[in-house]
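In what follows, a single structure is set out as structure tokens and then discussed.
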Amino acid sequence: LFLNIGSLVEDESLIQVLADTKATSKEVNEKLTIAAETEIKINAAREEFRPVATRGSIVYFLIVEMSMVNVMYQTSLKQFLGLFEIGRQKAQASPITVKRIQNIIESLTYEVWKYSSRGLYERDKNLFTLLLALKIDMQKGNVKSSEFQVLIKGGAALDMNAVEPRPDKMKKWLTDMTWLNLVELSKLAHFSQVLRQVVSNDKVWYNWFLSDAPEEVTFPESYSTSLDTFKKLLLVRSFSPDRTLPMAKKYIGESLGFQYAEGYILSLEAMWQESDKRTPLVCFLSMGSDPTDNVLGLSKKQNIPCGTISMGQGQEVHARRLLQQSQQEGRWILLQNCHLGLGFLE
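Residue 123 is where the sequence shown starts when you use the working numbering, and the numbers rise one by one after that.
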């Protein structure tokens, strides 16, 4: 416009520039509108899949926390993300988004549980599965934090001299710790009357307490119908700590599915099929266990030669030679007593 000489309305080039500018502006506005609509759709889709991310965070932080049980229980974020992807791929497809999301959540949970469980000592597997069920139910709001604390601690923090006294008639069968457990349990709304009920109807409670499997028989005071499985677990844990595990398995089966309560049967062949050539399989052995025959049997079944060497003083040279030979020929190598050759492993 500054350089234009003469009438503006007669300048065809200027009119064309203005027309192009108007068209460009219109096109840009249309693209911005489409981009805004696309962003809304993406955000909506992302929110639909947020439950998957929530479940992922629950199981990830649980397996990280298992290192506090045993320092050997280490799982990297890279490992977990690989499991996350495997769970997603194995999930059953569905044209219904809600169903598809639920399938992914179930598949993810099972794959992580299966993978993590086989890396735990037998004594810790039930603890891991129970914590998994509890954390999921706490996230859903099915289990309150106060209820979780009662399950974990019971009445361990209480003092017999500072709580409601236990009647003398019950001292023969109700121990101090059991009474403290009941005092702590009575702080929960569903069990606010449990102390009064136990005292006033002690014979019924005593007979229930004496049963070999109290979790399998009818609970006193209509608790069989008024309590869900988790709250029954709290009652059993308070009265009969030795029956906590059987009752916990009932709760796990109802919360996660009975395949979790039954446990996972370890298959060396399945582990091998899931592995890759750059990631070794490490076995943590308890006293008296030796998987050598299983490994050699699998190598024979797959027709893959397997060399073995027991680590120890002076064995590193032989181990390196065997490793190099195995790499060249595509063979397996089984290193035994690896704790005696940590320098070589590093």
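Where a beta carbon is used, it is the ideal one built from N, C-alpha and C, also for glycine.
Any chance the CB of residue i is under 7 Å from a heavy atom of the ligand MG?
| i | result |
| --- | --- |
| Gln201 | Of ligands this structure carries none, so the ligand MG is not represented either. |
Using a Cβ-Cβ cut-off of 8 Å (strictly less than) and excluding sequence neighbours within five positions of residue i, which residues of its own chain qualify?
| i | result |
| --- | --- |
| Gln449 | none |
| Val305 | Gly277, Leu280, Val285, Glu286 and Leu317 |
| Lys236 | Tyr386 |
| Ile431 | Gln437, His440, Ala441, Leu444, Ile455, Leu456, Leu457 and Gln458 |
| Arg365 | Ala335, Pro336, Glu337 and Val358 |
Within the continuous beta strand (DSSP E) that includes residue i, where are the two ends?
| i | result |
| --- | --- |
| Gln458 | Trp454 to Gln458 |
Please state if the CB of residue j and the CB of residue i are separated by a distance shorter than 8 Å.
| i | j | result |
| --- | --- | --- |
| Gln261 | Thr176 | yes |
| Tyr382 | Leu355 | no |
| Ser216 | Arg210 | no |
| Val358 | Pro342 | no |
| Ile227 | Pro173 | yes |
| Ser360 | Thr297 | no |
| Phe331 | Ser362 | yes |
| Thr219 | Glu170 | yes |
| Val234 | Ile185 | yes |
| Arg400 | Pro427 | no |
| Ser268 | Leu310 | yes |
For residue i, collect the residues of the same chain with a Cβ closer than 7 Å to its Cβ; drop the 5 residues on either side in sequence, then sort them by chain order.
| i | result |
| --- | --- |
| Ile180 | Lys257, Ile258 and Gln261 |
| Leu388 | Arg240 |
| Leu420 | Leu390, Glu391 and Trp394 |
| Val320 | Leu304 and Trp327 |
| Gln214 | Asn225 |
| Cys460 | Met433 and Leu467 |
Please report the residue range of the alpha helix (DSSP H) in which residue i lies.
| i | result |
| --- | --- |
| Gln315 | No alpha helix (DSSP H) contains Gln315, which DSSP labels as neither H nor E. |
| Asp298 | Asp298 to Leu307 |
| Lys257 | Glu244 to Lys262 |
| Ser268 | Ser267 to Lys275 |
| Glu343 | Per DSSP, Glu343 belongs to no alpha helix (DSSP H) and is neither H nor E. |
| Asp324 | Asp324 to Leu332 |
| Met292 | Note, Met292: premise wrong, no alpha helix (DSSP H); not H, not E. |
| Gly465 | Leu464 to Leu467 |
| Met282 | Neither: Met282 is in no alpha helix (DSSP H) and is coded neither H nor E. |
| Glu396 | Leu390 to Glu396 |
What residues in its chain sit with their C-beta under 6 Å from that of residue i, if we drop five residues either side in the sequence?
| i | result |
| --- | --- |
| Lys371 | Ala383 |
| Val417 | Leu456 |
(message) Extract the residue ranges of the alpha helix (DSSP H) inside the region 402-438, only unbroken runs of 4 or more that lie entirely within it.
(response) 414-423
(request) Counting only runs of 4+ residues fully inside the region 171-239, write out the alpha helix (DSSP H) ranges in chain order. (result) 172-187, 199-212 and 219-239
(request) Tell me the start and end of each unbroken beta strand (DSSP E) in the region 341-387 that is at least 3 residues and wholly inside, in chain order. (result) none
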